[in-house]
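Residue numbers in the sequence shown follow the working numbering, run continuously in steps of one, and reach 248 at the last position.
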Amino acid sequence: MLAHRSSKRVLGRAMAWCMLPAMAAVWLITGAQASGKSTVADLLARRHERGVHVRGGQFYRWAVRGWVHVGDPDAAETRRLLDLRYRLSAVVAKEYCDSGFTTVVQDNIYGPDVERWLEAVDVAPRYLVVLRPRVEVVEARDSDRRRTTGKVAYRAGFTPAINDEHLATTRRDLGLWLDTSEHAPDDTVDAILARADEALVR
């Protein structure tokens, strides 16, 4: 019985993938650190025949010296470079989309910055998905990720609870908000595609 259900589930996902519209689009996936953005964004991009996964963090990683991050004493320079990071990902998303690729961008982008980013990507359709698992779930995922990969998302007094407060400054009436606390990544992508109309930014 379980094998039968599993086969039906896989078949359903395959059918949904095959039925995705051919029109290229841009998706923005945001959420707290360790909320599952990377995994979900990559899976979502792979559900499209021509899909691209853009990791917003790469734009600062390519700077080999001189980049400053949130929390640096030079707040003006931090803001300038954060704007550069967001601007670069918006430009790349638009270029890929204009070339026929559905582009899924993941980044830690919150509040009014989300609206500015979406406005900068002058394509249609555009979608926004906000992943918001419970804070204790993010804490557990971060601890597990740190143990298995060594990646450290929270340090120097910056906690998942504080990150969730930043996320909460984003407009709740914009895009699709998902509590993914109990969802596996594939289930999250299924929900995103099933509720794409709610994610659409008009």
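Backbone N, C-alpha and C define an ideal beta-carbon position, used for all residues, glycine too. Only a predicted model underlies this, so the values are computations on that prediction, with no experimental measurement involved.
Item	Value
Same chain, Cβ closer than 7 Å to V235, neighbours up to 5 away in sequence not counted	V86, L89, L90 and R93
Nearest neighbour of V151, chosen from D159, E165 and S135 [CA to CA]	S135
Euclidean distance between Cα positions of D243 and L130	30 Å
Counted within 10 angstroms of its Cβ, other Cβ atoms place K197 as buried (16 or more) or exposed	exposed
Reduced DSSP category for R172 - H, G, I as helix; E, B as strand; rest coil	strand
Status (buried if at least 16 other CB within 10 Å, exposed otherwise) for G221	buried
Stretch-stretch touch, CB-based, cutoff 8 Å, three pairs: the stretch 92 to 109 with the stretch 174 to 181	no
Distance CB(V72)-CB(V169) smaller than 7 Å	yes
Any non-hydrogen atom of the ligand COA within 6 Å of H99 CB	The model on display carries no ligand, and the ligand COA is accordingly not part of it.
Cβ neighbours of L213 in the same chain (closer than 6 Å, five flanking residues each side left out)	A78 and Y156
Inter-residue spacing [alpha-carbon to alpha-carbon] between R133 and T205	26 Å
Enclosing alpha helix (DSSP H) for R201 [first to last residue]	R201 -> no alpha helix (DSSP H), and no H or E assigned at all.
Residue interval of the alpha helix (DSSP H) (run including R155)	Per the sequence presented here, residue 155 reads as Ile, with Arg not at that position. Note, I155: premise wrong, no alpha helix (DSSP H); not H, not E.
Per-residue DSSP class, three states only, for A49	The predicted model places A49 with a pLDDT of 45, which falls under 50 and marks its position as unreliable; any figure quoted below should be read in that light. Residue state, collapsed to three classes: helix.
Which residues DSSP lists as bridging V72, in chain order	T149 and R172
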